[in-house]
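Number of protein chains: 2
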Amino acid sequence: MGSFSVKPVKVGICGLGTVGGGTFNVLKRNAEEIARRAGRGIVVAQIAARDTNPKCDTGATPITADVFELVNNPEIDIVIELIGGYTIAKELVLKAIENGKHVVTANKALIAVHGNEIFAKAREKGVIVAFEAAVAGGIPVIKAIREGLAANRINWLAGIINGTGNFILTEMREKGRAFADVLKEAQALGYAEADPTFDVEGIDAAHKLTILASIAFGIPLQFDKAYTEGITQLTSADVNYAEALGYRIKHLGVARRTEAGIELRVHPTLIPADRLIANVNGVMNAVMVNGDAVGSTLYYGAGAGMEPTASAVVADVIDVVRALTTDPQNRVPHLAFQADLLSDHPILPIAECQSAYYLRIQVQDRPGVLAKVATILSERGINIESIMQKEAEEQDGLVPLILLTHRVTEQSMNDAINALEALADVSGPVMRIRVEHLN
Amino acid sequence: MGSFSVKPVKVGICGLGTVGGGTFNVLKRNAEEIARRAGRGIVVAQIAARDTNPKCDTGATPITADVFELVNNPEIDIVIELIGGYTIAKELVLKAIENGKHVVTANKALIAVHGNEIFAKAREKGVIVAFEAAVAGGIPVIKAIREGLAANRINWLAGIINGTGNFILTEMREKGRAFADVLKEAQALGYAEADPTFDVEGIDAAHKLTILASIAFGIPLQFDKAYTEGITQLTSADVNYAEALGYRIKHLGVARRTEAGIELRVHPTLIPADRLIANVNGVMNAVMVNGDAVGSTLYYGAGAGMEPTASAVVADVIDVVRALTTDPQNRVPHLAFQADLLSDHPILPIAECQSAYYLRIQVQDRPGVLAKVATILSERGINIESIMQKEAEEQDGLVPLILLTHRVTEQSMNDAINALEALADVSGPVMRIRVEHLN
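For the protein sequence lines, the chains are A and B, in the order given. Note that the UniProt record's numbering has the first sequence beginning at 1, numbered continuously upward. Note that the UniProt record's numbering has the second sequence beginning at 1, numbered continuously upward.
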């Protein structure tokens with residue numbers, strides 16, 4: 001790919017824990033792809049961290065133990081705050097703003113509690129403070145509400161926005177386990193903190209809900225007014241009764257606009273089992289947003305973790321870089337990548353595409369047919385995953401033979417189908433439907 | 001709300017059909033909310049249409065039958081193309097660009113087939129051509145891929161991006177109906193065109209997939225290389241066999257990056273039934289996007305319709321207005337709305353919030369208890385939706401009584417619970433969990 005005419009943007013990462021390490025890794029691994037999208041290279045000029053991160057090879061990048069050295073580094077354009085908590089994080093973010101630097105943060109507590117003050121200061125100094133990673137990890141739900149649904153008067157939103165809580169509720173439902181038992185496992189797996197209060201008492205979810213409600217309804221951040229109820233009182237009995245009534249229990253953050261005011265509440269909630277959001281399981285997050293024009297929409301993905309959260313942090317960095325372009329009409333390129341940096345990776349003809357397959361073959365109901373079919377597939381390197389022979393309504397002695405195969409090229413499958421259709425035991429065309437597991 | 005210091009942006013709407021009428025209505029109804037978000041008012045200065053739309057009261061807005069009069073109108077800043085098709089739409093979009101106007105379009109066919117030419121011309125003239133509404137209606141999936149997931153190397157994406165096809169497949173599965181039969185109903189309901197070729201043969205989905213693949217992988221638009229297979233050959237038998245194997249059949253657009261090249265294909269597909277996307281039913285759309293950092297994400301909502309599509313069109317208009325701001329640091333305000341135009345709509349205390357409720361009451365297993373419980377609820381205006389009395393393991397003659405109520409204020413429910421807990425027939429605290437239907 002071509003070089004970039006403008007000099008790279010320099011970022012500093014404060015905190016090299018899970019999200020900090022992930023952010024460094026993503027910026028490094030996808031540097032070329034990111035530059036093609038952003039229109040400029042993005043370089044980590046400095047890291048502030050007390051410890052190294054074994055999952056992160058920082059190479060020659062300068063590291064300081066003093067975050068304020070980074071925040072005062074005149075070379076740095078964008079400060080990425082990934083320390084968490086209120087005290088130092090707040091101080092360093094305000095100092096970065098004062099120094100005229102843009103800020104990207106994943107700190108939901110900081111934004112929910114001190115956001116009004118931080119944004120006021122940022123406006124005064126003409127800098128951006130971006131916080132997509134603060135809510136629902138890698139899911140770009142802040143962007144969806146703030147930009148994608150900007151035409152709407154938002155009526156309500158409801159989200160599974162704490163992965164730990166959702167993991168616990170999923171295990172309670174699927175395996176009939178007790179709350180305390182699953183919590184212990186979640187702590188062992190690293191899903192829950194040693195002190196799980198923020199997760200299981202709903203405080204973490206209330207931080208996120210406070211942020212979502214502000215951008216949905218255009219109100220100041222008011223964390224202190226959120227009603228917060230945790231999941232510690234839930235019993236397996238209630239989970240089962242809910243199920244029997246056709247519902248699932250999820251720990252939801254709900255914000256709703258009413259004539260009298262705005263409801264802002266986090267609590268366990270029964271949801272009809274056929275709703276998509278009722279089927280969001282394990283540590284995954286999802287947010288439903290209902291607007292007057294669009295109706296209900298849903299955004300789903302990983303709500304936490306090293307690289308999912310880094311995905312949102314780095315997207316915010318790219319957003320800042322794009323906002324700073326001197327070419328506002330090309331802020332976001334039409335096809336997402338700079339027009340002179342598109343890829344010539346070819347589109348494959350269908351014969352070269354790979355897929356698993358479902359085959360329905362009408363065969364004579366007599367011995368040896370299955371062996372012939374299996375041989376034809378095997379000779380072309382096609383592995384059978386499962387077979388179902390239905391004793392359905394026979395017609396002319398024919399029965400349907402249903403096969404699922406492993407992944408193979410379309411060309412191999414075409415050859416196999418031609419051979420199958422040539423068998424005297426096979427009647428009519430073979431029905432072929434592709435199978436995708438999407439995981 | 002305060003007035004805006006800068007003069008409003010003037011838009012022209014070409015085409016006053018379903019989407020054009022919806023766009024006019026949303027811009028009018030939400031004018032104040034939109035101005036608070038965009039930082040400027042947005043005014044429809046002219047409409048080009050041959051006919052009026054009974055669902056759209058255009059009032060005093062000037063209407064011309066000649067789209068080129070609108071495109072050449074020097075007052076207009078943004079041209080909204082909602083005519084559809086290739087011929088006139090292409091000509092008017094190119095002319096608008098030549099005249100230095102920004103363009104917003106919902107025209108998937110135009111972008112998929114002529115997008116490369118249109119974008120080249122737009123870059124030359126320094127204008128934006130926005131097309132969020134071209135894919136998946138109101139779901140902001142273009143923005144999600146182009147901006148929200150910009151940190152990722154996208155591995156694959158898969159979408160249910162044709163509502164008509166998904167409606168037909170849902171009916172075939174849920175009601176065991178035949179393809180041709182459901183198609184006729186879809187036509188009667190207005191979900192399918194009189195000539196359903198574009199929908200049921202996958203051409204419409206291939207247009208959309210072509211666009212998604214370009215922005216995901218950074219490749220030029222190459223509609224002619226997409227493999228396209230429709231749903232007309234599917235039988236109820238295959239739908240049922242898939243079900244028996246634990247799968248659902250969906251008409252998917254799939255784009256996948258491989259070492260050899262990019263797979264770009266639209267076809268019926270078996271998906272494991274427990275995947276969220278396998279549970280997207282009726283006319284709804286959903287797109288899964290898998291990135292190397294974020295993993296799998298999903299975006300769900302209405303893929304067509306008057307106001308859902310208008311939601312995306314108007315979001316694009318707001319995006320253009322925001323990109324043109326002279327204050328790039330405030331392109332998108334931190335809390336989505338202009339800081340001096342936030343609302344003081346209050347947050348309600350939980351006692352004033354409304355919800356439906358699940359109640360679990362431990363009661364003595366003797367006559368008359370249910371009547372007492374029902375009376376307490378009824379006296380506080382609480383209607384019971386359903387009751388379940390479990391003959392569960394009795395302890396001390398106690399059985400659980402489970403109730404679902406209609407919506408009521410938390411205050412009324414608190415009063416009722418206090419009264420219930422005071423009954424001699426009730427033992428221990430009443431378990432209360434809120435119920436939300438989210439529809």
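The beta carbon of each residue, even a glycine, is placed where N, CA and C say it ideally should be. Treat the numbers as computed from the prediction; the structure is a model and nothing was measured.
{"Asked": "Identity of the residues DSSP links to C14(B) by a beta bridge", "Found": "A48(B) and E81(B)"}
{"Asked": "CB contact check: G2(A) to chain B, cutoff 8 Å", "Found": "Note that G2(A) scores 42 on pLDDT, short of 50, meaning its location in the model is unreliable and no value can be drawn from it."}
{"Asked": "First and last residue of the uninterrupted beta strand (DSSP E) at T258(B)", "Found": "Note, T258(B): premise wrong, no beta strand (DSSP E); not H, not E."}
{"Asked": "Members of the stretch 121-148 of chain B near chain A, C-beta cut-off 9 Å", "Found": "A122, R123, K125, G126, V127, I128, V129, A130, F131, E132, G137, G138, I139, P140, V141, I142, K143, A144, I145, R146, E147 and G148"}
{"Asked": "Short CB-CB distance (under 8 Å) between I249(B) and chain A", "Found": "yes"}
{"Asked": "8 Å Cβ cutoff, T105(B) in contact with chain A", "Found": "no"}
{"Asked": "Terminal residues of the alpha helix (DSSP H) in which V321(A) lies", "Found": "M306 to A323"}
{"Asked": "CA-to-CA distance, V113(A) to M1(B), given in whole angstroms", "Found": "With a pLDDT of only 38 at M1(B), under the threshold of 50, the placement of this residue in the model should not be trusted; the figure read from the coordinates follows. Taking the straight line joining both Cα atoms gives about 26 Å."}
{"Asked": "Stretch pair the stretch 274-293 of chain B + the stretch 114-125 of chain B: three plus CB contacts closer than 8 Å", "Found": "no"}
{"Asked": "C-beta neighbour in chain A for M288(B), strict 8 Å", "Found": "yes"}
{"Asked": "Outcome for R257(A) when other beta-carbon atoms lying within 10 angstroms are tallied against a minimum of 16", "Found": "buried"}
{"Asked": "Opening and closing residue of the alpha helix (DSSP H) in which Q187(B) lies", "Found": "F179 to L189"}
{"Asked": "Cutoff 8 Å: K225(B) Cβ touching any chain A Cβ", "Found": "yes"}
{"Asked": "CB-CB length for I361(A) against A416(A), believed under 8 Å", "Found": "At roughly 11 Å, the Cβ-Cβ gap does not stay under 8 Å, so I361(A) and A416(A) are not in contact."}
{"Asked": "Reduced DSSP secondary structure (H/G/I, E/B, other) of E75(A)", "Found": "coil"}
{"Asked": "Rounded separation between P196(B) and A144(B) - CA only", "Found": "30 Å"}
{"Asked": "Expected contact under 8 Å - CB spacing of G130(B) and V104(B) to nearest Å", "Found": "As written in the sequence, residue 130(B) is Ala, which differs from the Gly given in the question. The Cβ separation is near 5 Å, so the contact holds."}
{"Asked": "Counterpart residues of A286(A) in DSSP-defined beta bridges", "Found": "I160(A) and Y300(A)"}
{"Asked": "Cβ-based burial, V6(A) [other Cβ within 10 Å; buried from 16]", "Found": "exposed"}
{"Asked": "Interface residues of chain B facing M431(A) [CB-CB closer than 7 Å]", "Found": "D238"}
{"Asked": "Simplified DSSP state of Q411(B), which is helix, strand or coil", "Found": "helix"}
{"Asked": "Interfacial residues, the stretch 402-417 of chain B to chain A, with Cβ spacing under 8 Å", "Found": "I402 and L404"}
{"Asked": "For S214(A), the three-state DSSP class (helix, strand or coil)", "Found": "helix"}
{"Asked": "Chain A within 8 Å of D425(B), Cβ atoms only", "Found": "no"}
{"Asked": "Stretch-stretch touch, CB-based, cutoff 8 Å, three pairs: the stretch 173-191 of chain B with the stretch 317-329 of chain B", "Found": "no"}
{"Asked": "Simplified DSSP state of R366(A), which is helix, strand or coil", "Found": "coil"}
{"Asked": "Below-8 Å beta-carbon distance, Y191(B) vs any chain A residue", "Found": "no"}
{"Asked": "Whole-angstrom distance between L245(B) and V408(A), CA atom to CA atom", "Found": "20 Å"}
{"Asked": "Chain A contact for P8(B) (CB, 8 Å cutoff)", "Found": "no"}
{"Asked": "Beta-carbon gap between A65(B) and L157(B) smaller than 8 Å", "Found": "no"}
{"Asked": "Pairwise C-alpha distance: E229(B) and E295(A)", "Found": "In the sequence under discussion, the amino acid at residue 295(A) is Gly, which differs from the Glu named in the question. Cα to Cα, G295(A) sits roughly 30 Å from E229(B)."}
{"Asked": "Chain B contact for L252(A) (CB, 8 Å cutoff)", "Found": "yes"}
{"Asked": "Nearest residue (CA-CA) to V287(A), options T297(B), A45(B), A242(B) and G303(B)", "Found": "T297(B)"}
{"Asked": "Neighbourhood of E436(A) by C-beta, 8 Å cutoff - its chain only, sequence neighbours within 5 removed", "Found": "S355 and A356"}
{"Asked": "Per-residue DSSP class, three states only, for I417(B)", "Found": "helix"}
{"Asked": "Candidates L403(A), E352(A) and H334(A): closest to H102(B) by CA position", "Found": "H334(A)"}
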